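Below is one structure, written out as structure tokens; the observations come after it.
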Amino acid sequence: MTVTGSLREGGARDPAASAARGGGGGTDGGGAATPAVHDIGSGAAMVDLHHQGSPSIIGVGVLELPAGGVALVDPGPEARLHALRDGLAALGRTLEDVRAILLTHIHLDHATAAGAIVREAPGAIVYVHAVGAPHMEDPSRLLASAGRIYGDAMTTLWGEFLPVPRESIRVVDEGDAVAPGGRRFEVAYVPGHAKHHVAYCEAATGTAWVGDVGGIRIRGGPALPVTPPPDIDVALWKASMDRVMAWRPERIVATHFGPYGDIDAHFAELSGELDAWALRVRESLGDDAFANDHERARAFSDWVARRVAEQVSPAHTELYGTASGFFDSWWGLARYWRKRGAA
Numbered sequence: 122m123t124v125t126g127s128l129r130e131g132g133a134r135d136p137a138a139s140a141a142r143g144g145g146g147g148t149d150g151g152g153a154a155t156p157a158v159h160d161i162g163s164g165a166a167m168v169d170l171h172h173q174g175s176p177s178i179i180g181v182g183v184l185e186l187p188a189g190g191v192a193l194v195d196p197g198p199e200a201r202l203h204a205l206r207d208g209l210a211a212l213g214r215t216l217e218d219v220r221a222i223l224l225t226h227i228h229l230d231h232a233t234a235a236g237a238i239v240r241e242a243p244g245a246i247v248y249v250h251a252v253g254a255p256h257m258e259d260p261s262r263l264l265a266s267a268g269r270i271y272g273d274a275m276t277t278l279w280g281e282f283l284p285v286p287r288e289s290i291r292v293v294d295e296g297d298a299v300a301p302g303g304r305r306f307e308v309a310y311v312p313g314h315a316k317h318h319v320a321y322c323e324a325a326t327g328t329a330w331v332g333d334v335g336g337i338r339i340r341g342g343p344a345l346p347v348t349p350p351p352d353i354d355v356a357l358w359k360a361s362m363d364r365v366m367a368w369r370p371e372r373i374v375a376t377h378f379g380p381y382g383d384i385d386a387h388f389a390e391l392s393g394e395l396d397a398w399a400l401r402v403r404e405s406l407g408d409d410a411f412a413n414d415h416e417r418a419r420a421f422s423d424w425v426a427r428r429v430a431e432q433v434s435p436a437h438t439e440l441y442g443t444a445s446g447f448f449d450s451w452w453g454l455a456r457y458w459r460k461r462g463a464a
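The C-terminal position of the sequence shown is numbered 464 in the numbering used here, with every residue numbered one higher than the one before it.
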């Protein structure tokens with residue numbers, strides 16, 4: 122596997138992040154750009170899509186298959202398909218080599234490119250949860266909803282969400298096992314971030330591909346939740362963390378961004394942050410000092426940014442803001458509380 126860089130399991134905080142906090146060097150502190158492709162071992166790589174021009178925001182898993190070709194985990198937005206092409210080329214591959222696409226969930230930053238890839242690799246199979254499968258076959262309702270949120274920026278951010286033919290879709294759920302090209306993965310249903318979220322664990326390599334149920338963690342920084350509407354459920358998310366840990370994997374791989382081996386510490390931090398965020402949003406709902414929800418969301422975003430900035434550099438904090446969308450996360454938790462009768 123030819124790659125342009127190496128990205129191995131992070132600990133509590135990685136050297137680049139530590140250097141950035143100290144004001145010196147590192148990719149986060151204004152040094153060389155992050156390589157487009159990272160070797161993560163065990164016949165796997167991550168292609169950094171440089172979403173919105175920023176490194177370490179969205180990573181696509183590329184898995185070499187014993188039977189030939191590759192599988193992709195969460196191919197990302199179609200708007201960055203050219204970056205995925207470049208990454209595959211660095212690995213000596215093309216989109217025509219794709220045999221399978223493992224979707225953790227169907228949010229636009231994870232799944233938009235799937236339909237375009239299947240057009241170039243018509244034999245590829247797309248694995249997706251039952252709740253997400255109809256939207257992959259016909260994304261019109263999903264696009265209409267997203268269009269109301271993103272407006273004119275929709276195409277720039279996410280590109281064209283092409284449908285996936287029904288015959289190319291395989292529905293997966295809790296307890297299933299799939300083996301594209303000879304690599305076997307167990308499937309877990311892990312709602313909380315999204316009701317169509319699954320995770321995949323490859324016992325042979327001790328690797329769990331967790332999408333967003335593992336939150337975001339960039340360059341060894343803090344593990345944080347991502348809580349956009351409409352499906353956020355704090356209790357379900359915590360149960361899903363336990364479900365992933367029940368696999369006892371040696372490492373998890375997050376789309377945002379990369380592999381981490383300190384799993385207990387990672388999920389403990391993520392769980393604590395989820396609790397803190399949820400409490401902050403609930404308190405804001407009853408705070409009459411705010412004129413409206415926009416002010417509440419802006420104050421929440423500023424609060425999260427300050428918490429992150431206490432641990433990492435300003436540039437690193439900005440990456441977190443791009444990946445997580447602190448402002449958008451308020452709305453997901455506000456919806457969660459209001460469905461439960463909070464003011």
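Note that beta-carbon positions come from the ideal geometry of N, C-alpha and C, so glycine has one too.
These figures come from a predicted structure and were not determined experimentally.
Local Cβ density within 10 Å of residue i, reported as buried at 16 or more and exposed below that
{"i": "I246", "result": "buried"}
{"i": "T215", "result": "exposed"}
{"i": "D385", "result": "exposed"}
{"i": "D363", "result": "exposed"}
{"i": "A298", "result": "exposed"}
{"i": "G332", "result": "buried"}
{"i": "T277", "result": "exposed"}
{"i": "P187", "result": "exposed"}
Coil, strand or helix - residue i by DSSP
{"i": "P351", "result": "coil"}
{"i": "W330", "result": "strand"}
{"i": "V285", "result": "coil"}
{"i": "G296", "result": "coil"}
{"i": "I384", "result": "helix"}
{"i": "G465", "result": "Since the displayed the chain opens at 122 and closes at 464, residue 465 lies outside it and no answer follows."}
{"i": "A367", "result": "helix"}
{"i": "H318", "result": "coil"}
{"i": "V168", "result": "strand"}
{"i": "A360", "result": "helix"}
{"i": "V158", "result": "strand"}
{"i": "R461", "result": "coil"}
{"i": "V219", "result": "strand"}
{"i": "L229", "result": "helix"}
{"i": "L400", "result": "helix"}
CA-to-CA distance, residue j to residue i, given in whole angstroms
{"i": "P343", "j": "G335", "result": "12 angstroms"}
{"i": "G150", "j": "A436", "result": "Any reading at G150 is ruled out, since the residue's pLDDT is 34, under 50, leaving its predicted position unreliable."}
{"i": "R304", "j": "D273", "result": "40 angstroms"}
{"i": "L264", "j": "I270", "result": "10 angstroms"}
{"i": "G446", "j": "A254", "result": "26 angstroms"}
{"i": "A397", "j": "H387", "result": "15 angstroms"}
{"i": "R338", "j": "T438", "result": "11 angstroms"}
{"i": "G302", "j": "S434", "result": "42 angstroms"}
{"i": "P243", "j": "H231", "result": "20 angstroms"}
{"i": "R340", "j": "D195", "result": "19 angstroms"}
{"i": "R262", "j": "L283", "result": "13 angstroms"}
{"i": "G442", "j": "R220", "result": "34 angstroms"}
{"i": "R427", "j": "L406", "result": "20 angstroms"}
{"i": "E288", "j": "Y321", "result": "22 angstroms"}
{"i": "L395", "j": "A300", "result": "33 angstroms"}
{"i": "A251", "j": "H317", "result": "7 angstroms"}
{"i": "G296", "j": "Y310", "result": "8 angstroms"}
{"i": "R206", "j": "E241", "result": "12 angstroms"}
{"i": "A412", "j": "G182", "result": "43 angstroms"}
{"i": "G189", "j": "G393", "result": "42 angstroms"}
{"i": "E404", "j": "L345", "result": "19 angstroms"}
{"i": "D160", "j": "L170", "result": "15 angstroms"}
{"i": "Q117", "j": "M275", "result": "This structure leaves residue 117 out entirely; the chain is present only between 122 and 464."}
{"i": "W358", "j": "E258", "result": "27 angstroms"}
{"i": "E217", "j": "E185", "result": "14 angstroms"}
{"i": "V429", "j": "L193", "result": "31 angstroms"}
{"i": "R291", "j": "K460", "result": "32 angstroms"}
{"i": "S361", "j": "W330", "result": "13 angstroms"}
{"i": "A471", "j": "V365", "result": "For residue 471 there is no data in the structure shown, the boundaries of the chain being 122 and 464."}
Contact under 9 angstroms by Cβ, residue i with residue j
{"i": "V249", "j": "V293", "result": "yes"}
{"i": "V109", "j": "G208", "result": "Residue 109 cannot be examined here, being either before or after the span of the chain that is shown, 122 to 464."}
{"i": "H228", "j": "P349", "result": "yes"}
{"i": "W451", "j": "V402", "result": "yes"}
{"i": "G268", "j": "R201", "result": "no"}
{"i": "P260", "j": "T328", "result": "no"}
{"i": "A234", "j": "P176", "result": "no"}
{"i": "D408", "j": "R419", "result": "no"}
{"i": "A324", "j": "W368", "result": "yes"}
{"i": "A166", "j": "A204", "result": "no"}
{"i": "I353", "j": "G462", "result": "no"}
{"i": "V355", "j": "Y457", "result": "yes"}
{"i": "V319", "j": "H226", "result": "yes"}
{"i": "D423", "j": "A455", "result": "no"}
{"i": "F378", "j": "I222", "result": "no"}
{"i": "T376", "j": "S163", "result": "no"}
{"i": "G382", "j": "E371", "result": "yes"}
Interface flag, residue i vs chain B, CB-CB below 9 angstroms
{"i": "R304", "result": "Among the protein chains of the structure shown there is no chain B, as only one such chain exists."}
**Item:** 4 or more residues per run - each alpha helix (DSSP H) lying fully within the segment 408-454
**Value:** Listed in chain order, the complete alpha helix (DSSP H) runs (minimum 4 residues) inside the segment 408-454 are 414-430 and 435-445.
**Request:** Please specify which runs of the beta strand (DSSP E), each continuous and at least 3 residues long, are wholly inside the segment 233-269, giving them in chain order.
**Result:** Correct list: 246-250.
**Request:** Can you check the segment 178-212 for any beta strand (DSSP E) of at least 3 residues that lies completely inside it and give the ranges in chain order?
**Result:** You should have 180-185 and 191-194.
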